[in-house]
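Going left to right, the sequence shown walks through residues 59 to 310 as this note's numbering numbers them.
Below: one structure, written as C-alpha cells.
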Amino acid sequence: MSGRKAAAAIGAGVAAAAGVAFYGAQIPTAQIYGRTVCREPGASKRLCLTYDDGPNPAWTPTLLDLLDEHDAKATFFLIGKWSEREPELIREVVARGHAIGNHTFTHPTMPAKSDERIREELDACREAVEAAGVTFTEIAGRKLMRPPYGRRRPGTLRVLKEKGYLGITWSITGYDWRESITTEKITRNCLKAGEGDIILLHDGFDREPAYDRHKSIETTRNLLEHYRPQGFDFVTVPQLVEAAGTGSRYAA
Ligand SMILES: [Zn+2]
C-alpha cells in the first residue's frame, strides 16, 4: 500500500488521531514525523540490501563472502553491545566496501525512552564502533542510523538530527525476524522489490549474539541470483541516494 493510500485507509473520526500517530511511528515509509530515507525510485536499476542486529560472528562472515561473490555492496546497522565483542568483524565489513550505521547499543524501542536515554544509546554504540577504528557512513554529512523496529516519534527524529544522524528505514521487508517463516517465504516477500527499493533483512538478533540466520543468508543468495542477471546493482544506501541525486534533501 502506498503511503497516501495507507493514510487514506486510516479514515476520519475519533480513531484518526490515534491511527495517524501509529502510522507515523511504525510504517517505515511514513514521512510525517520527519524525513527518513526509505527508498529512492529515481535510482534506476539499483537495490539496497540492509542487515540489522549484527555483527554476528556465526553468519556475518558467510554473508560477506556471498556478497563479494556477486559483486554486491550492502548496509549494516550494528548493535553496539555486539560491536564491542566483534571489532575485527566490523573492520572487515568496512574493508570490503559496505556501509555501516548505528542501531543503538541495546536495541530499545526508542519512542518509549527519554531523549537522554536515546542520546546515551546512540553515543554508546558509536563509541563501540569507533573503538574498533571505523566510523559510521554518512549521507550529506549525517551518519546513518536505523531505529530498532523502525519505530520513531517526532522527539526521536529530533534527537537523531541533533546528534548528527539521518534515519534510514526501508520499503521492502523479508519478515525474516518471524521465527517460523521459511526461506521461500522470505524470498517471495523480498522479490516485490523494484528500482530503488531498500530491503530489510537481519544478519543478527538483539537477544543472541550468534543467532542462526541461515534463512536470511539463503534469501540473499536467491535475491542476488534473481536480480543480478537482470542488470540490477546492489549498492549501499549512500550510493543509492547519490545515484538518485537527492542528497541535498537530507542535508542537515
Ligand atoms: Zn533491530
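Glycine is no exception: its CB is placed at the ideal position from the N, C-alpha and C atoms.
Interface flag, residue 236 vs chain D, CB-CB below 8 Å
In the displayed structure, chain D is absent; only one protein chain is listed.
Look up residue 260 in the DSSP assignment and give the residues it is bridged to.
110
From residue 264 to residue 137, what distance separates their C-alpha atoms?
7 Å
For residue 64 and residue 239, I'd like the C-alpha separation in whole angstroms.
Here residue 64 scores only 44 on pLDDT, less than 50, and its place in the model should not be relied on; the value that follows carries that caveat. So the alpha carbons of these two residues sit roughly 25 Å apart.
Environment of ligand 2 in chain order, Cβ to heavy atom below 5 Å:
The model depicted lacks ligand 2 and carries ligand 1 instead.
Say whether the region 96 to 113 touches the region 281 to 299, bearing in mind that this needs 3 or more beta-carbon pairs closer than 8 Å, one atom from each stretch.
yes
With distance defined between alpha-carbon atoms, name the residue in 88, 273, 129 and 89 nearest to residue 106.
129
Name, in chain order, the residues that DSSP records as bridge partners for residue 157.
133
Thinking C-alpha only, which one of 131, 147, 226 and 281 is nearest residue 252?
281
Check for me: the alpha helix (DSSP H) holding residue 125 runs from which residue to which?
118 to 127
Answer yes if the region 270 to 280 comes into contact with the region 240 to 260, meaning at least three C-beta pairs across the two stretches below 8 Å, and no otherwise.
yes
Going by DSSP, what residue range makes up the alpha helix (DSSP H) through residue 200?
From DSSP, residue 200 is part of no alpha helix (DSSP H) but of the beta strand (DSSP E) over 200 to 203.
Local conformation of residue 271 per DSSP, three classes
coil
Measuring CA to CA, which of 102, 103, 114 and 108 is closest to residue 269?
114
Does the region 182 to 191 touch the region 152 to 165, meaning 3 or more C-beta pairs lie closer than 8 Å?
yes
Is residue 173 buried or exposed, if buried means 16 or more other CB atoms sit within 10 Å of its CB?
exposed
Within 10 angstroms of the Cβ of residue 292, are there 16 or more other Cβ atoms? Answer buried if so, exposed if not.
buried
Going by C-alpha to C-alpha distance, which of 190, 134 and 126 sits closest to residue 142?
190
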